[in-house]
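Shown next, in structure tokens, is the structure this report addresses.
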Amino acid sequence: MQTSDGSSQYAATYAAWQADPERYWAAAARRIDWDRVPQRIFDPASGPYGRWFPDARLNTCHNAVDRHVAAGRGAQPAIIWDSPMTGRVETLSYAALLDRVSRLAGALAARGVGAGDRVVLYMPMVAEAAIGMLACARLGAVHSVVFGGFAAAELAARIADAKPKVILAASCGLEPGRVVAYKPLLDAAIALSPHKPNAVLVLQREQAVAELLAGRDEDWLAAEVTAAPAACVSVAATDPLYILYTSGTTGKPKGVVRDNGGHAVALRNSMAMLYGIEPGEVMFTASDVGWVVGHSYIIYAPLLTGATTVLFEGKPVGTPDAGTFWRVCAQHGVKAMFTAPTAIRAIKRDDPDGRLLSQHDLSKLEALFLAGERCDPPTAEWCAAMLGKPVIDHWWQTETGWAISGNFRGLGLFPARFGSGGKASPGYDVAALDEAGQRLPPGQSGTLAIHLPLPPGCLPTLWQADDRFRESYTETYPGWYNTSDAGVVDADGYVSVMSRTDDIINVAGHRLSTGAMEEVLAGHPDVAECAVVGIKDSLKGQVPLGLVVLKSGVAKGDAAICKELVGLVRERIGPVAAFKDARVVARLPKTRSGKILRATLRKIADGEDYVVPPTIDDASILADVEGALRGIVR
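The opening position of the sequence shown corresponds to residue 1 in UniProt numbering, with each subsequent residue numbered one higher.
Next up, the structure:
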């Protein structure tokens, strides 16, 4: 499928979308089964910026499962669960998947779940995570997956906001060298939340069997096997499929909504166009169902396509070694793989000469895709040299659900430029804007923004928060969606993302709010004020660094307080924050209006040159901070 230069085919496709967006998306919609075929493609008068396929009806689970069985492909593998954590590999055909999904949907329906109701999933990387998501979609219920192992307070906030009728959970998750018991965290979260679910179905794993609370908790598999299968429920294309919470700058999670119709159309279109995957082919996305990449490219896009998806429970290194990804690709005949640059950096660190890689037959692997954070050119170049395959960095967000920019195997591929996220996907008009909201000339850095309307598959709004959607994304630059990423679009249309423009940092592909971490630090009784900034890390891309000013008269030593602060963040936000470093400083640099100069702090911590901001209140503070941060560069 790859050619020496697919620029002309890409240009023609992008131009066709620009010339008639509705015609382009109407053609893409023909890949989906509809209960009511869309007559209107876009309604500009609905929602914060308009709605796609406003008069259509469908069921996402039917499109992901039932239709492939009806087409005579029930014996084809749908999900390959590969778990080096347990030493097991299991394959679920489309027919078997249909049976389990329809029965779990029946179990949920018997417990009062119907169209529009919410179900929270708190799951590790097991096949039941996919089964649970699809069972919700089958009923027209709205699922909200929370990353397994998230701290109780964070889980409680999501339960309180989504108000689920039922929670689907596993008894535990598995990490190298340890078992993470989920049930105590879930019990604590339900206790903290003002909303209580009617029922909790628990998937009991032998590594840590959970105690079930009488009257509320039930064994998942027992409930599933005894349930009558449920049929697909037709829903409006504009009805929500799921809520996925992402960090907000206020520290309060934002519930990103994905609708049924636009989501199905966009993801099915992307599988062929971006990844070059067709029905029956194998895709391996090394992510987690708790994140948007897992939603889009472990679960929905491969299954909507009728492809086979690998659901992997393990790590890029240590389960058992840095060759595990390549073993998976070889064993299962993977055609396209998708992971985060962090994973490739970890593999490079442990296997710099590709010794483990060379032990596996990767002849069926045609391309490696990277996203979740910008991939530094040396890592991409190393990986491309080791694999001898295209290594494609592409850029997207939780909010968009699929790539804003990339390279397109279905269009032949154009020349890659390491350090860039490729060119804008058909459907996206991407520009770098100045502070006045005007397009900057090619090559000039500004705020990256997408001209409205967003294409199908992107969030139509935030969960029960249209006004917050506008405040977060469209108020700064009217007529544009503000990505809060800074970067450039060059003369050839290549998009390069350089940094964030708000307080969201990217830790190993996970977007985390420094504001939420600051709230935790500020709650320590000895802390007067604090700041958290993301600093460079050779493995994770960024890690958080906490700077605290102590209250006067504190007798406890700095080291002891910093250890307590690290423990607090781990307890209240979770290990995913990778918060391991707090430093005590005498004062924090601020503007005269009292705003902490976080960008300057970040540059100091990263060992970069900086200019003393003209708005600073007391420049002498910078020397003190430099002393505290000396030697921190990673």
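Quick reminder that beta carbons are idealized off the backbone N, C-alpha and C, glycines included.
The structure presented is a predicted model; accordingly, all values stated were derived computationally and were not measured.
Looking at the unbroken alpha helix (DSSP H) that takes in residue i, where does it start and where does it end?
i	result
R602	R598 to A605
T342	P341 to D350
W220	W220 to V225
P302	A301 to T305
F147	Run containing F147: none in the alpha helix (DSSP H); it sits in the beta strand (DSSP E), V142 to F147.
L213	Looking at the DSSP string, L213 is not in any alpha helix (DSSP H), and its letter there is neither H nor E.
Might you give, ordered along the chain, the residues of its own chain that have their beta carbon closer than 7 angstroms to the beta carbon of residue i, omitting 5 neighbours on each side?
i	result
R216	A199 and V200
E435	none
P176	K315, G318 and T319
I79	L92, L97, A127, A130, T309 and L311
For residue i, tell me which candidate among the options has the shortest Cα-Cα distance.
i	options	result
T447	L168, W52 and A486	A486
I243	G306, G574, R258 and I561	R258
G509	A169, G112, A307 and L370	L370
I505	T246, A266, Q18 and A222	T246
A169	V289, A266 and A236	V289
A266	V142, N482 and R31	R31
residue 638	T474, Q39 and A130	Since the first residue of the chain shown is 1 and the last is 634, residue 638 is not available in this structure.
E475	W326, H451 and A191	H451
V585	L539, V576 and E529	E529
K163	V119, A151 and C172	V119
R138	T86, Q18, A70 and L58	L58
A272	G427, K252 and A301	A301
K196	A578, V328, K165 and A210	K165
In the structure shown, what three-state DSSP assignment does residue i receive?
i	result
L629	helix
residue 635	This structure gives no information on residue 635, because the portion of the chain shown stretches from 1 to 634.
D20	coil
A12	helix
D558	helix
A528	strand
S620	coil
W402	coil
S7	helix
G132	helix
I573	coil
N407	coil
R587	coil
E518	helix
V69	helix
Y494	strand
T60	helix
A75	coil
R36	strand
L440	coil
L413	coil
A27	helix
W326	helix
S538	coil
Q2	Interpretation of Q2 is limited by its pLDDT of 38, a score under 50 that renders its predicted location unreliable; the figure taken from the coordinates is listed afterwards. Residue state, collapsed to three classes: coil.
D217	strand
I'd like the span of the beta strand (DSSP E) that includes residue i, first residue to last.
i	result
Y481	W480 to V489
Y122	R118 to M123
G541	G541 to L550
L448	G446 to H451
R178	R178 to A181
residue 644	In the structure as shown, the chain begins at 1 and stops at 634. Residue 644 is therefore absent and cannot be evaluated.
L433	V430 to L433
F312	T308 to F312
V200	A199 to L203
residue 651	This structure cannot speak to residue 651, because the chain is shown only from 1 to 634.
I'd like the list of long-range same chain contacts for residue i, defined as Cβ closer than 6 angstroms, with 5 residues on each side in sequence excluded.
i	result
V282	T308, H332, G333, V334 and K335
L459	V256, V257 and E399
G306	H68 and P279
G106	A227, A228, P229 and A230
D239	N260
L462	K254, G255, R468 and F469
G6	L411, G412, L413 and F414
E218	L201
S83	E313
Quick one: residues in its chain with C-beta nearer than 8 angstroms to the C-beta of residue i, no 5 flanking neighbours on either side, listed in chain order?
i	result
Q2	With a pLDDT of 38 at Q2, under the threshold of 50, the predicted position of this residue should be treated as unreliable, and no value is reported.
Q478	In the sequence as displayed, the identity of residue 478 is Pro instead of Gln. Hits under 8 angstroms: G437.
Chain C beta carbons: is any one of them nearer than 8 angstroms to that of residue i?
i	result
P77	No chain C is present in this structure, which holds just one protein chain.
At a threshold of 7 angstroms, does residue i count as lining the ligand COA (C-beta to nearest heavy atom)?
i	result
I616	Among the ligands in the structure shown, none appear at all, so the ligand COA cannot be discussed.
Open item on the list: In chain order, what are the residue ranges of uninterrupted alpha helix (DSSP H) at least 4 long that sit wholly in the region 227-291?
Closed with: 260-273
- [ ] Write down every uninterrupted run of the alpha helix (DSSP H) in the region 353-398 whose length is 4 residues or greater and which is fully enclosed by it, in chain order.
- [x] 377-387
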